[in-house]
Structures are given as structure tokens and as C-alpha cells.
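Take the sequence shown: its letters are residues 1359 to 1822, numbered as in my numbering.
From the three backbone atoms N, C-alpha and C, an ideal C-beta is built for every residue, glycine too.
Presented below is the structure to which this report refers.
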Amino acid sequence: MASTRREGERERPVTEGDRRAAELAAERDRLAAELAAERERTALLADASDELLASLNLERCMDVTARLAARHLAEAAVVVVPRSGRGHPVAVCGPGGRVEHRVLPIDPAEVEGLAEAMRGFPPVPQRWIDPRDAPDWITGGMPEPPAAMLVIALPGHGVPAGALVLLRRSGPETFSAGEELTTRLFAGRAGAALSAARLYAEQAAITATLMRELLPPGTHELDGVEMAARYRPSGDDDLVGGDFYDVYPADEADPEAESLVVLGDVCGKGLEAAVLTGKIRNTFRALLPMADDHRRVLELLNGTLLYGESTRFVTLVLVSARRQGAQVRLRMTSAGHAAPLIVRVDGTVETAATRGSLIGVLEEIETTTAEETLDPGDACLLYTDGITEAVGGPLGGEEFGEERLRAELARCGGMPPEALVERVHMLAAEWVGPGGHDDMAVIAITAPGRSRPGVAGGRERTTA
């Protein structure tokens, strides 16, 4: 019997055109639903990319992954990343949107499909997973037992970044093919972000460990020789830059032994410069038995750097100090570095007559060692070019310069070493203002004794 439809008081047969119109309407609704789903998928992936790329913090990335997955892909989500220390870091987000972070001593094999996902294998078919068998730490975010569960890998850079578990308490017992596709696309973005955050955290930990080893030492007691030092890296995030110094106290058992002070400036900054700094400092420790021969020490260091993999060079100044009665005897050798300045108690400023070649550039180096005597109240100032090349001033584009430094030091005769280095650092910092600056390092070595005389200024000269 032909299909009919009521039209007012009459009935008429359903024509082929009516059927075609109904099919077109159904197709339109289907396409509209697919378009809406695609738009929702695109919006989710865009939100995921924006939020995940905004941070390199592992916990923050886990938080975003769990929260977005619970909001858009399921009703609850669990993010599990590889074991670290006491257990596996886990982020759980329930229907309320609140994310809880825990470190659990779990065995991924206890959850169907989780161990495979943590190793980056394809997901276990959903029909094999019974949500009722999931442990409480997985389902604890659900107010009632879940009806469906999906476990999928979070792919990382070469190794899996973890796994994502989705839970749904109502609806079909499995996630649809479209939902699983969306989850895979989301997992790819989340895994890349988690992998980058984990790599960054590992590199940051390695860098922090290295930097702790390279931090400048504290002030040492140098057998009757007073010393103070100040170090200021170029940026707030850099604990160690290109400048460095080290202090090797004299052997107390040897009355003729000298203390050694080393100040250097490695070309460049960052982790590579820090590695080279560590290499130089370790080399100096190995060469301490021959530290009485500055030239020989510098030649051996030069050979070490020349035949290493780094193409960077370093400037150095070595000062050997020994107390002799009320005086302090100094031997100073510069290798491409600014020569030390001698600040006499009366304000006279002298430049030590030492000069030499850069270290790590030429096979043969030239050095000249200068000797000086510090009377009580005199000081020897070592500094890096971050002081003299500090750019600022009234117009913001002028270098602080050596002449300005010498003029200021002429007013510092007789200052204790702590006050002297603080004064130099303060002058450079005021000159730079809020602008950027290079690493700054200053060391003052003084002969203890007379206090500063009442002089308004001092003279400047270079020792012959």
C-alpha cells in the first residue's frame, strides 16, 4: 500500500520528490553535525596548542592536558608520566574540573592497556578493557563507576611522554571512531609538550648542578693577606657567565708558599662558556704544584685549550701573593687581560707593568710578569671588562672607561677590600642604570694596616 500523508482534510501519496527532500535534509543534518564536530575538534586542538605551548613546566603541562581532556573528550581524565624518584607523577581531573597532582608508587601493568601505552605501543582495543577493574587512583575522580574507558599513549620526542586515560560514566560503552581520532590528535600535541617540558626540566637540573660547581668562591683568608671579591652576572637568570675567579690559599706548612688568585673572562657566555670555565678551573687545580712559574702554567693551559674541541678563548690575570712582614709581595701576570691597578694608601693609582697574549688562540704566547709590594693600606685591584665597558652615563651610550675608573680609585686610597670592591661595583651599576650589562667581576687584595689618610684625591701613574 502506497504511503500517504494528510494535507488539510485530504491525503496524498508521498512522492519521489518528497523522499529525495527528506534524504537531502537528513544529509544536511549529518553534514552539519560533522561540521560542528570538526569545529569543536579544531577549537580543542587550538586551545591545547595555545595552552600547552605557553609553559615548559612539566606539572603545568600535565594540568592542562588533564583539564582539557576531561572538559572536551570525556568526563574525567588521568595523565601518567614516566617514573621519577619515588613514583609516577599523576594528574587526575574529575567532572568538576579540579586537577589533583600526586606521585604514586604504581605498577602500570595493573591497569589494562596502561603499560603498553607508557611504552608507546598502539592502544589496547576498548572492548578488552573493563572500567570496573580499574584501581581507585584511576577512577577516584568519578562520582560513580565509569561506563567507558580509553587508554592512549602520549607520544614524545623519540620516547613516550606518558599515557592518557579517559573515563565516561554515561553513554556508549566505547568511544566512537571519531572520538578516538580526536583523542589521538590531542594526545600528539600533549605528548610533544610534555616531552619538551621534561627535557627542559632535565637540562635545567643538569645546568643548575654544573652552575653550582662553577659559582665564584667565597672570600678566603690568605695567610695575612686581606681579599674581597664581587661578581655580578650579565642577567638575572644567569648564575654563571663568562667571567670567573678562583682563589688558592698558600700551603700553611711552607713559609715561602704564595697564595694564587686567578681572574678570567671566557669568550661568550651561557652553558658552553660555563663548561669551558670548569675546564680552566680544573686545569689550574692540576697545575697548582707549578704555580710559582706563571708563564709555564699559562703555556700548559694554552695548549689544553688549543687542542680541545672548543673554539673559545680566555683572558686571564694571575696574582701570587705572600705576606712579608707588614708588606705583601705580589707577582702579577696578565694574559690578554686588563693589567691590575695598584691603589696606594695616599690615592696614587698605578698600572702594573704586565701584559700578555690571549689564551687559546696562538700556539706560542708572550707574557710579562710584574712584581709589586703593597705597604699597609695599599690595594691591588683586578677587574674584568664588564666594568670598563659598561655602557650608560648621562646620555646612555658612553662607556665607563678605564680613565673614569682610575679617577674614582684615586679617591679610594686606604679603603678596606670589601669597601673597595663594593665601591667599584656600585659605580658601574649606577653608570649602567636599568640597561643591560656584561658580566662584572672585581677582586681587591690589600695589605692590612694603616687606615685611609684624609686626602681629597690622588695621583695616577704606571709602574715601570
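Check each candidate in the options and name the one with the smallest Cα separation from residue i.
{"i": "residue 1682", "options": "1653, 1639 and 1617", "result": "1617"}
{"i": "residue 1720", "options": "1762, 1771, 1672 and 1678", "result": "1672"}
{"i": "residue 1762", "options": "1489, 1775 and 1782", "result": "1782"}
{"i": "residue 1504", "options": "1513, 1641 and 1494", "result": "1494"}
{"i": "residue 1479", "options": "1542, 1679, 1404 and 1450", "result": "1542"}
{"i": "residue 1667", "options": "1689, 1803 and 1630", "result": "1630"}
{"i": "residue 1407", "options": "1547, 1755, 1459 and 1642", "result": "1547"}
{"i": "residue 1771", "options": "1739, 1790, 1645 and 1455", "result": "1739"}
{"i": "residue 1440", "options": "1428, 1466, 1425 and 1457", "result": "1466"}
{"i": "residue 1695", "options": "1701, 1610 and 1620", "result": "1620"}
{"i": "residue 1570", "options": "1633, 1532 and 1758", "result": "1633"}
{"i": "residue 1749", "options": "1708, 1765 and 1791", "result": "1791"}
{"i": "residue 1786", "options": "1774, 1760, 1391 and 1768", "result": "1760"}
{"i": "residue 1535", "options": "1558, 1563 and 1483", "result": "1483"}
{"i": "residue 1789", "options": "1530, 1766 and 1532", "result": "1766"}
{"i": "residue 1775", "options": "1585, 1610, 1723 and 1611", "result": "1585"}
{"i": "residue 1452", "options": "1496, 1532 and 1530", "result": "1496"}
{"i": "residue 1730", "options": "1777, 1715 and 1677", "result": "1677"}
{"i": "residue 1658", "options": "1723, 1550 and 1532", "result": "1723"}
Assuming residue i and residue j are in contact, meaning their beta carbons sit under 8 Å apart, how far apart are those beta carbons, in whole angstroms?
{"i": "residue 1409", "j": "residue 1422", "result": "5 Å"}
{"i": "residue 1717", "j": "residue 1660", "result": "5 Å"}
{"i": "residue 1698", "j": "residue 1806", "result": "Contact flag wrong, Cβ pair sits at about 18 Å."}
{"i": "residue 1500", "j": "residue 1524", "result": "Contact doesn't hold; Cβ gap of about 11 Å is too wide."}
{"i": "residue 1732", "j": "residue 1688", "result": "6 Å"}
{"i": "residue 1555", "j": "residue 1416", "result": "4 Å"}
{"i": "residue 1404", "j": "residue 1522", "result": "About 18 Å separates the two Cβ atoms, so there is no contact after all."}
{"i": "residue 1638", "j": "residue 1622", "result": "7 Å"}
{"i": "residue 1700", "j": "residue 1710", "result": "6 Å"}
{"i": "residue 1544", "j": "residue 1414", "result": "Residue 1544 to residue 1414, Cβ: 19 Å. No contact."}
Counting C-beta neighbours from all protein chains within 10 Å, is the total for residue i 16 or more, i.e. buried, or is it exposed?
{"i": "residue 1486", "result": "exposed"}
{"i": "residue 1510", "result": "buried"}
{"i": "residue 1820", "result": "Bear in mind that the predicted position of residue 1820 carries a pLDDT of just 44, short of 50, making it unreliable; the figure below should be weighed with that in mind. Looking at its Cβ environment, which holds fewer than 16 other Cβ atoms inside 10 Å, residue 1820 is exposed."}
{"i": "residue 1816", "result": "Note that residue 1816 scores a pLDDT of 45, beneath 50, so its modelled location is shaky; the value from the coordinates is reported in the next line. By the 10 Å Cβ count, residue 1816 comes out buried."}
{"i": "residue 1539", "result": "exposed"}
{"i": "residue 1648", "result": "exposed"}
{"i": "residue 1435", "result": "buried"}
{"i": "residue 1804", "result": "buried"}
{"i": "residue 1385", "result": "exposed"}
{"i": "residue 1375", "result": "exposed"}
{"i": "residue 1400", "result": "exposed"}
{"i": "residue 1455", "result": "exposed"}
{"i": "residue 1663", "result": "buried"}
{"i": "residue 1389", "result": "exposed"}
{"i": "residue 1355", "result": "This structure does not reach residue 1355, given that the chain is present from 1359 up to 1822, and the question cannot be answered."}
{"i": "residue 1371", "result": "exposed"}
{"i": "residue 1564", "result": "exposed"}
{"i": "residue 1383", "result": "exposed"}
{"i": "residue 1475", "result": "buried"}
Would you check if the distance between the CB atom of residue i and the CB atom of residue j is smaller than 8 Å?
{"i": "residue 1801", "j": "residue 1603", "result": "yes"}
{"i": "residue 1670", "j": "residue 1692", "result": "no"}
{"i": "residue 1460", "j": "residue 1469", "result": "no"}
{"i": "residue 1690", "j": "residue 1728", "result": "yes"}
{"i": "residue 1796", "j": "residue 1747", "result": "yes"}
{"i": "residue 1552", "j": "residue 1516", "result": "no"}
{"i": "residue 1590", "j": "residue 1798", "result": "yes"}
{"i": "residue 1513", "j": "residue 1477", "result": "no"}
{"i": "residue 1424", "j": "residue 1450", "result": "yes"}
{"i": "residue 1463", "j": "residue 1471", "result": "no"}
{"i": "residue 1606", "j": "residue 1645", "result": "no"}
{"i": "residue 1580", "j": "residue 1679", "result": "yes"}
{"i": "residue 1764", "j": "residue 1675", "result": "no"}
{"i": "residue 1686", "j": "residue 1583", "result": "yes"}
{"i": "residue 1643", "j": "residue 1725", "result": "no"}
{"i": "residue 1615", "j": "residue 1705", "result": "no"}
{"i": "residue 1446", "j": "residue 1438", "result": "yes"}
{"i": "residue 1601", "j": "residue 1742", "result": "yes"}
{"i": "residue 1502", "j": "residue 1526", "result": "no"}
{"i": "residue 1641", "j": "residue 1624", "result": "no"}
Could you tell me whether any Cβ in chain C is nearer than 8 Å to the Cβ of residue i?
{"i": "residue 1609", "result": "Absence of chain C from the displayed structure is noted, only one protein chain being present."}
For residue i, which beta-bridge partners are listed by DSSP?
{"i": "residue 1803", "result": "1585 and 1738"}
{"i": "residue 1731", "result": "1687"}
{"i": "residue 1602", "result": "1622"}
{"i": "residue 1565", "result": "Residue 1565 is not bridged to any residue."}
{"i": "residue 1446", "result": "1462"}
{"i": "residue 1770", "result": "According to DSSP, residue 1770 bridges with nothing at all."}
{"i": "residue 1750", "result": "1756"}
{"i": "residue 1451", "result": "1435 and 1457"}
{"i": "residue 1507", "result": "1525"}
{"i": "residue 1838", "result": "Within the shown structure, residues of the chain are numbered from 1359 to 1822, placing residue 1838 beyond reach of any answer."}
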